[in-house]
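Residue numbers (the numbering used here): 21 to 343. What follows is a single structure, written as structure tokens, with notes after it.
Structure below.
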């Protein structure tokens, strides 16, 4: 294996690509969005800066700790807090550090993507497995490689494979079909004045419809009051088809105790595959062959950012074994 195509520039895809590239493999990353990061998403609404996907991350394993330390040394990640307020307003600490991106979560992804061949704004539409390897077609461009890594949520990855009549072993298909996800609707609210989210800037409500509220100014990534509101999974599932104005109004009402007197602007973002509800037990799904195919992401042997990073790392290391 001398080359690899990674579809998806979220954390799992970027860690896999970085690991392969550092080992001398020629890697091309194809990302349908116009920026890297996946659910590590930082966006602007006017002059407000919002993390509206992944809000923070914790460290439980030595391997992830090593990775995070490189991010801290590079100045793209830092400790945020040891805990947040709960729905009653009481601050809860459990001794585990919560980390953030210093300029938003996307900053970590941008750091990982440095010097990688990343093609953003290109959606992989066609897959072909030929005699000389994998071909991926995106917006009329054709990319070829010895190996293929798919990091999209399992339903999306499986749909891409099936649409292009790529054959999968029964075990691989069953593994992918066993994975399910919970949705999350995020509302970004730009405030006209200070909000009421307690220090250090986050409230883990943990309910439905209101799940999480964060003040991105107190978090240290926005110069103006900018609040992210996450809805719970059941409410998000029910409201997915509704228009943005209705969804924003309903969620702002639920979060009114954390907001200031006036909301200047809102944006709504729908995370259809926000959190794995039934992850696969292994760190990746590997399809053997002269030109291997690997599925990885945060739904493989551990959700959240740590699971995504370790899945991408394990997938890349498995591919390096067959070089």
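Even for Gly, the Cβ is constructed at its ideal location relative to N, Cα and C. Bear in mind that the values here come from a model prediction, so they are computed numbers and not experimental data.
* Asked: Are residue 117 and residue 101 touching if we call contact CB-CB under 9 Å?
  -> Walking along the chain shown from the start, residue 117 turns up at place 97. Walking along the chain shown from the start, residue 101 turns up at place 81. Going by C-beta atoms, residue 117 is nearer than 9 Å to residue 101.
* What's the call for residue 225, buried or exposed, on a 16-neighbour Cβ count within 10 Å? -> The sequence position of residue 225 within the chain shown is 205, counting from 1. It is buried - the Cβ of residue 225 has at least 16 other Cβ atoms within 10 Å.
For the alpha helix (DSSP H) containing residue 337, list its first residue and its last residue.
-> For the purposes of this step, residue 337 is taken as residue 317 along the chain shown, with counting starting at 1. Note, residue 337: alpha helix (DSSP H), 324 to 341.
Quick one: Cα of residue 214 to Cα of residue 33, how far?
Against the chain shown, residue 214 aligns to sequence position 194. Against the chain shown, residue 33 aligns to sequence position 13. In a straight line, the C-alpha of residue 214 is about 37 Å away from that of residue 33.
*asked:* Which residues does DSSP list as the beta-bridge partners of residue 116?
replied: Residue mapping note: residue 116 aligns to position 96 of the chain shown, counting from 1. Looking at the DSSP output, residue 116 sits in no beta bridge, so it has no partner there.
Who pairs with residue 62 in a beta bridge, going by DSSP? For the purposes of this step, residue 62 is taken as the residue at position 42 of the chain shown. Partner(s): 71.
Q) Taking C-beta to C-beta, are residue 165 and residue 23 nearer than 9 Å? A) For this step, residue 165 is matched to residue 145 along the chain shown. For this step, residue 23 is matched to residue 3 along the chain shown. Yes, these two residues count as a Cβ contact at 9 Å.
What beta strand (DSSP E) runs, 3 residues minimum, are completely inside the stretch 96 to 183? 97 to 101, 118 to 121, 137 to 140, 146 to 150, 153 to 158, 161 to 165 and 167 to 170
Would you grab the beta carbon distance between residue 36 and residue 316 for me? Rounded to a whole angstrom, and I think it's under 8 Å. Start at 1 with the first residue of the chain shown, and residue 36 comes out as number 16. Start at 1 with the first residue of the chain shown, and residue 316 comes out as number 296. Right, the Cβ-Cβ distance comes to about 7 Å (below 8 Å), so this counts as a contact.
Inspect the CB distances between the stretch 292 to 312 and the stretch 194 to 210 and report whether three or more fall short of 8 Å. yes
| task | Indicate the three-state DSSP secondary structure (helix, strand or coil) for residue 248 in the structure shown. | result | For the purposes of this step, residue 248 is identified with residue 228 of the chain shown, where counting begins at 1. Three-state result, residue 248: strand.
Assign residue 236 to one of two classes, buried (16 or more other C-beta atoms within 10 Å of its C-beta) or exposed (fewer than that). The sequence position of residue 236 within the chain shown is 216, counting from 1. Under this definition residue 236 is a buried residue.
- Task: Starting from the N-terminal side, write out each stretch of the alpha helix (DSSP H) that is 4 residues or longer and does not extend beyond the stretch 195 to 271.
- Result: 236 to 239 and 253 to 259
Quick one: measure Cβ to Cβ for residue 26 and residue 171, integer angstroms, because I've assumed they're closer than 8 Å. Looking up residue 26 in the chain shown gives position 6. Looking up residue 171 in the chain shown gives position 151. That pair is a contact at about 7 Å.
*Look up residue 48 in the DSSP assignment and say whether it is helix, strand or coil.*
Here residue 48 refers to the residue found at position 28 of the chain shown. Residue 48 falls in the strand class under three-state DSSP.
Worksheet entry | Own chain partners of residue 229 with C-beta closer than 6 Å, once the 5 adjacent residues on each side are dropped | In the chain shown, counting from the first residue as 1, residue 229 sits at position 209. If we look at residue 229 and ignore the five residues flanking it on each side, its Cβ neighbours are 251, 252, 255 and 274.
Review point. Nearest to residue 48 by CA position, among 157, 289, 185 and 71, is which residue?
Key: For the purposes of this step, residue 48 is identified with residue 28 of the chain shown, where counting begins at 1. Check the Cα spacing between residue 48 and each of 157, 289, 185 and 71: the tightest is with 157.
Expected contact under 8 Å - CB spacing of residue 278 and residue 217 to nearest Å
Residue mapping note: residue 278 aligns to position 258 of the chain shown, counting from 1. Residue mapping note: residue 217 aligns to position 197 of the chain shown, counting from 1. Contact flag correct, Cβ pair sits at about 5 Å.
If you measure between the beta carbons of residue 305 and residue 167, is that distance less than 9 Å?
Start at 1 with the first residue of the chain shown, and residue 305 comes out as number 285. Start at 1 with the first residue of the chain shown, and residue 167 comes out as number 147. No. Outside cutoff.
Self-check item: Cβ distance (whole Å) where residue 147 is taken to contact residue 181 below 8 Å
Solution: As a first step, residue 147 must be located in the chain shown, where it is residue number 127. As a first step, residue 181 must be located in the chain shown, where it is residue number 161. With a Cβ gap of about 7 Å, residue 147 and residue 181 count as contacting.
Review point. Excluding five sequence neighbours on each side, which residues of the same chain lie with their C-beta closer than 7 Å to the C-beta of residue 138?
Key: Start at 1 with the first residue of the chain shown, and residue 138 comes out as number 118. Only 29, 49, 51 and 56 meet the Cβ criterion.
Quick one: using the 10 Å Cβ neighbour count with 16 as the cut-off for buried, is residue 232 buried or exposed?
Along the chain shown, read from residue 1 onward, the residue named residue 232 stands at position 212. Buried, by the Cβ-count rule.
*asked:* Let me check understanding here. Comparing Cα to Cα, which of 309, 176, 326 and 220 lies closest to residue 106?
replied: As a first step, residue 106 is located in the chain shown; it is residue number 86 there, counting from the start. For the residues 309, 176, 326 and 220, the minimum Cα distance to residue 106 belongs to 220.
- Query: Does the distance from the CB of residue 162 to the CB of residue 208 come in under 9 Å?
  - Reply: For the purposes of this step, residue 162 is identified with residue 142 of the chain shown, where counting begins at 1. For the purposes of this step, residue 208 is identified with residue 188 of the chain shown, where counting begins at 1. No, the pair does not count as a contact, with Cβ atoms beyond the cut-off.
Need the endpoints of the alpha helix (DSSP H) that residue 86 sits in, please. In the chain shown, residue 86 corresponds to position 66, counting from 1. Where residue 86 is concerned, the enclosing alpha helix (DSSP H) stretches over 82 to 93.
Bridge-paired residues (DSSP) for residue 313
As a first step, residue 313 must be located in the chain shown, where it is residue number 293. BP columns for residue 313 point to 168 and 307.
*asked:* For residue 127 and residue 175, I'd like the C-alpha separation in whole angstroms.
replied: In the chain shown, counting from the first residue as 1, residue 127 sits at position 107. In the chain shown, counting from the first residue as 1, residue 175 sits at position 155. Their Cα atoms are separated by approximately 27 Å.
Indicate whether at least one CB of chain B lies closer than 9 Å to the CB of residue 29. Annotation note: the requested chain B is absent from the structure, which comprises a single protein chain.
Worksheet item: Taking C-alpha atoms, which residue in 104, 87, 300 and 243 lies nearest to residue 321?
Response: The residue labelled residue 321 in the question sits at position 301 within the chain shown. Nearest option by C-alpha distance: 300.
Residue 90: buried (16+ other C-beta within 10 angstroms of its C-beta) or exposed?
-> Position 70 of the chain shown, counting from 1, holds the residue named residue 90. Counting Cβ neighbours within 10 Å, residue 90 comes out exposed, since fewer than 16 surround it.
Here's a check: name, in chain order, each residue in its chain whose Cβ is nearer than 7 Å to the Cβ of residue 87, leaving out the five neighbours to either side.
Walking along the chain shown from the start, residue 87 turns up at place 67. For residue 87, where only same-chain residues beyond five positions count, the Cβ hits under 7 Å are 329.
**Item:** From 227, 335 and 264, residue whose alpha carbon lies closest to that of residue 108
**Value:** The residue given as residue 108 occupies position 88 in the chain shown. Comparing Cα-Cα distances from residue 108 to each of 227, 335 and 264, the minimum goes to 227.
Next item on the list: Check the C-beta distance from residue 285 over to residue 210 and give it rounded, since I have them as a contact under 8 Å.
Entry: For the purposes of this step, residue 285 is taken as residue 265 along the chain shown, with counting starting at 1. For the purposes of this step, residue 210 is taken as residue 190 along the chain shown, with counting starting at 1. At roughly 4 Å, the Cβ-Cβ gap stays under 8 Å, so residue 285 and residue 210 are in contact.
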